[in-house]
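As structure tokens, the structure follows; a few thoughts come after it.
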Amino acid sequence: MYLLIDDRGRKYLVKGNSDFHTNYGLVKSGYLIDSNIGRTIESNTGKKFFMVKPGIIDYIEKAKRGPQAVMLKDCGLIVAYTGIKSGSRVVEAGTGSGLLSMFLANIVAPEKLIMFII
Numbered sequence: 000m001y002l003l004i005d006d007r008g009r010k011y012l013v014k015g016n017s018d019f020h021t022n023y024g025l026v027k028s029g030y031l032i033d034s035n036i037g038r039t040i041e042s043n044t045g046k047k048f049f050m051v052k053p054g055i056i057d058y059i060e061k062a063k064r065g066p067q068a069v070m071l072k073d074c075g076l077i078v079a080y081t082g083i084k085s086g087s088r089v090v091e092a093g094t095g096s097g098l099l100s101m102f103l104a105n106i107v108a109p110e111k112l113i114m115f116i117i
């Protein structure tokens, strides 16, 4: 996955194995894969995008949300009140988009993560 940022600051989370289509043209997947993180790439119409490695916040902001997604400010409060840190043992269950699971997994990293999806 790559994060492309245009000159207006809009962010696009792009899979490396698929072409990226936008109002500003097309960026072929091969061009993304062959490019280095941290460089500027161009669409077929000449629109420039800055390519970076996405962080956990980028994944959370761009994730598809269901009707009851836990927002970032709520995730932060949960971590603050519970004292979760690297190495903590956390049990979390939900039926939503998995945003809280992603956030908590990032907090307890690099410890072993066990996840079950039913």
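Numbering (numbering that gives the first Met the number 0), first residue to last: 0 to 117. All C-beta atoms in this analysis are idealised placements derived from N, C-alpha and C, irrespective of residue type, glycine included.
With distances taken between CB atoms, is the gap from residue i to residue j smaller than 7 Å?
i           : j          : result
residue 100 : residue 68 : no
residue 50  : residue 3  : yes
residue 46  : residue 24 : yes
Throw me the rounded Cβ distance for the residue i and residue j pair, which I believe falls under 8 Å.
i           : j          : result
residue 59  : residue 98 : 5 Å
residue 105 : residue 55 : 4 Å
Starting from residue i, follow the beta strand (DSSP E) in both directions and report where the run begins and ends.
i           : result
residue 120 : Only positions 0 to 117 of the chain appear in the structure, and residue 120 is not among them; the question remains open.
Shortest alpha-carbon distance to residue i belongs to which of the options?
i           : options           : result
residue 110 : 86, 45 and 94     : 86
residue 108 : 83, 94 and 79     : 83
residue 52  : 71, 31, 41 and 45 : 31
residue 0   : 76, 17 and 7      : 17
Run through DSSP, which three-state label would residue i get?
i           : result
residue 4   : strand
residue 110 : coil
residue 81  : helix
residue 56  : helix
Under DSSP, the alpha helix (DSSP H) around residue i begins and ends at which residues?
i           : result
residue 101 : 98-107
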